[in-house]
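What follows is one structure encoded as structure tokens, with my remarks underneath.
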Amino acid sequence: MNKVAKKQHDREAAATDTKFTEEEQAVYAQAETGEGIVNTFIGEKFCDHKVTDEESAMDCVNEVLDRIGGDETTKFVFESMTPNENGMKIVTLSQRAGQVLAYGAVVKLILNQDDEPIGVVSSIMPHVDIRDVSEWAVDDKEAEKIVADTLKESGSDESIVENTTEKAIIPNPVNLGRYICVWVEYQ
């Protein structure tokens, strides 16, 4: 049995020891990246407490942080706890690097009707640390002007929402495992 198959087998065996129903387990899928980082797992006991507020959500995510690819540089901001029509809840935490948004990088906890975590979905960027970026190529006002000028030159009647520009980082599509510092503009 190869290493990935063994991990899958071990998780499936552990999942059978949980109190989750077959329906709860069947709703979600388990997936791994090529690096062995789990970005989704369901039906496996991974947190020893209920999640009822921001603090307990952060504690729960920190319990699995190393399994989803996080490390000491991985920081989160609580975004929401949203119930669905079945009484389950989705807790969303956004990844930040300092005060900078890691665009699209979130952890979602899936809670059952009793506020017990039954799943995690993660799209975080591992090893993000922007302390070495002391200065961005342009500031927020320059970024707004560049976008406004580009819209005007293209003949668009769209405009940007001024003073909402924020720094963000995105995954580098060319150099996987790295990131790009960008400005986010809103129209």
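Residue numbers for the sequence shown follow this note's numbering, beginning at 6 and rising by one. Here a beta-carbon is modelled for each residue, glycine too, at the ideal position from N, C-alpha and C.
What residues in its chain sit with their C-beta under 6 Å from that of Leu106, if we drop five residues either side in the sequence? Residues Ala173 of the same chain have their beta carbon placed closer than 6 Å to that of Leu106, with the five preceding and five following residues left out of the count.
Neighbour-count burial assignment, Pro122, 16 or more Cβ in a 10 Å radius: When all chains shown are included, Pro122 counts as buried.
What is the DSSP secondary structure of Ser61, counted as helix, strand or coil? If DSSP states are grouped into helix, strand and coil, Ser61 belongs with the helices.
Within its chain, find whatever has a CB closer than 6 Å to the CB of Val82; leave out the 5 residues flanking it on each side and keep chain order. Contacts found: Ser99 and Arg101.
For Asp120, collect the residues of the same chain with a Cβ closer than 8 Å to its Cβ; drop the 5 residues on either side in sequence, then sort them by chain order. Cβ within range, chain order: Lys55, Val56, Thr57 and Lys94.
One or two residues paired with Ile174 in a DSSP bridge: For Ile174, which the question treats as bridged, DSSP gives the partners Ala107 and Cys186.
With contact counted as at least three CB pairs below 8 Å, one residue from each stretch, are the region 145-156 and the region 70-80 in contact? Counting Cβ pairs under 8 Å, fewer than three are found: no touch.
Whole-angstrom distance between Gln118 and Val112, CA atom to CA atom: Counting only the Cα atoms, Gln118 lies some 19 Å from Val112.
Anticipated Cβ contact below 8 Å, Glu163 with Gln192, distance rounded: Glu163 to Gln192, Cβ: 5 Å. Contact.
Please report the distance separating the alpha-carbon of Glu84 from that of Gly160. Each residue's alpha carbon lies about 36 Å from the other.
Assuming Val96 contacts Leu116 under a Cβ cut-off of 8 Å, what Cβ separation, rounded to an integer in Å, is found between them? That belief holds up - the Cβ atoms of Val96 and Leu116 are roughly 7 Å apart, short of 8 Å.
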